[in-house]
Structures are given as C-alpha cells and as structure tokens.
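Notes to accompany the following structure.
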Amino acid sequence: GIAACAALALCEPQQTGIGGDCFALVAPAGGEVAAFNGSGRLPSRFEKSASEDPLTPLRRNDAAVVTIPGAIDAWCALLERFGSLPIGEVLEPDIELAATGMPLQERFTFDIEVHLYMVREDAAFARLLLDGDKPKPVGSLYTNPALARTLERVATQGRSGFYEGEIAERLCAFLNARGGAHQPRDFAEHHGEFTAPVSLDLRGHRVDQ
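Positions in the sequence shown are counted from 1; adding 806 to them yields our numbering.
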C-alpha cells in the first residue's frame, strides 16, 4: 500500500504524489474498519481579498490555494498504527527507484504534453520533465533525484523530516515567492486524523466508504 503510493509519486506524479493528500480505509483482521482523513489544510494566513468576487474561482495552480500536503503524515500515522515495518524499510525500494529511474510510460508522456504550458512555467519542473522544450520520448529513462532525497529524509527522520526543518522551509519559500502565504508552522502543526468511515446498509451488509 504505502510503498506503492510512494512508487506512484515517481511513476505517475500527475495523478498522485508527496505534495498531495491521502485518504485511507484500513480493515485489520478481526477489527473494525478505520478511516484516515489525510486532507491538507489551507495555510493559517490564507485570505481571499474582499474585493474579489467570491464566485470567481482562483486558478487551480495558484500557490495561494495550495494546501499543506497530507500524504506523508498519513503514511506515518497508518504505519504507526497498523504497520509491521518501519517507514525506512517501506520506502527503501522507492528511494532506489527514484534515484535510478524508470522508463517513461505513454500515459505519463501524454499528460505532460496536455499540460505542457504549466510545466514550462517553472524552470526546474521543465528540466525534470522535458527534453529541451518537448516531453521526453516514451521509453526514455526518467529519474527524480530530488524525490529520492526527500524520501530518504523521511525514511531516516520520519514525519518530522518532511514537516519540519529544511524541506518545509524550502517549500514555504517556493510557494511564498509565487503568492502563497505558507509558514513553517503550518507544516509543523499539520496532522490528519483517524475517523469513522462513512457507511451504509446494503441488502443486509454494511458497506464502508
């Protein structure tokens, strides 16, 4: 589960990643189904100008509405309660995969092409995903050393390796330079929560979702 999610952060980052959220249902043997809400929160200083039309949507890639990532906090909380391995062992193959690379898949390349205008907006993002000004060809080796280093820090330091210190500070600086209002304490104070799953009775059976 968690190792697969971390692998997808490399293989299909347009679908999921460590900068996103995590929602989980866990059904332990002989126990009640548990739900985890790993949604991100807006930064504490987020404000929408009173002069703006409240019905006018903000751009989806506007840094001002980027939430605090909930995925890694969720991974750590789920492993602590239900896991049998420490996060360092869980993430070990993902770190190697991000460092050594994988062949680019057709879907990944297709999505880069569709969102090329967004990729080109950030030079570092473009260097990672593009060959010159175009998407790298299908089958070419794709690596993400920065992702490998971040996962390595989480593997050795746990949750605090992402939500405190250098990584959180660099994320805040990156977002604030683009109009965000993120502060290191927003990252440090972020925690998802275990909760009861939404359930319904269907023909005599309980269905959790």
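Heads up, the beta-carbon is just placed ideally off N, CA and C, and yes, glycines get one too.
Can you tell me which of the options puts its alpha carbon nearest to the alpha carbon of residue i?
i	options	result
R991	P1003, G971, L1006, L981	G971
A880	E912, S845, S890, M908	S845
L884	T1001, V871, H1011	T1001
V920	L910, T906, Q820, G986	Q820
A952	S966, R965, F931	F931
A994	S966, A830, S890	S966
H872	L891, P892, L848	The question names His, but residue 872 is Val in the sequence shown. Of L891, P892, L848, the residue nearest in Cα terms is L848.
E818	A830, I918, F980	I918
F1004	D827, A841, T822	Before going on, a small fix: residue 1004 reads as Val here, not Phe. If we check each option's Cα against that of V1004, A841 comes out closest.
T949	G938, L891, R933, K940	R933
F980	K940, A830, A929	A929
K940	L957, T956, F916	F916
R984	A815, S850, D868	D868
For residue i and residue j, what's the separation of their Cα atoms in angstroms?
i	j	result
G825	P875	5 Å
A904	A813	8 Å
F852	E838	37 Å
Q963	Y969	10 Å
R959	L897	10 Å
F914	E927	18 Å
S857	C978	At S857, the pLDDT of 49 sits below 50, so the modelled position is not reliable; the number obtained from the coordinates is stated separately. C-alpha separation (whole angstroms): 26 Å.
A974	S946	31 Å
M924	C882	31 Å
K942	A870	30 Å
G770	L910	As displayed, the chain neither begins before 807 nor continues past 1015, which places residue 770 out of reach and without an answer.
L1008	C828	26 Å
G1026	E912	Within the shown structure, residues of the chain are numbered from 807 to 1015, placing residue 1026 beyond reach of any answer.
P899	G1010	42 Å
N982	G998	23 Å
T906	P834	34 Å
L936	G836	49 Å
H996	M908	32 Å
L922	Q989	29 Å
E886	G807	14 Å
R1012	S890	28 Å
When you compare the CB positions of residue i and residue j, do they come within less than 7 Å of one another, or not?
i	j	result
I878	A954	no
V832	F888	yes
G894	A810	no
Over the uninterrupted alpha helix (DSSP H) stretch that includes residue i, give me the two end residues.
i	result
L934	929 to 935
R976	972 to 982
May I ask which residues mark the beginning and end of the beta strand (DSSP E) holding residue i?
i	result
N843	840 to 844
V832	828 to 832
E995	Here E995 belongs to no beta strand (DSSP E), and DSSP marks it neither H nor E.
Quick one: what's residue i bridged to in DSSP?
i	result
S890	Partner(s): none; S890 has no beta bridge.
L947	P909
L885	Answer is none; L885 lacks a bridge partner.
F1000	F842
P941	L936
D900	Paired residue(s): none; D900 is not in a bridge.
P1007	A small fix is needed here, since residue 1007 is Asp in this sequence, not Pro. Answer is R1012.
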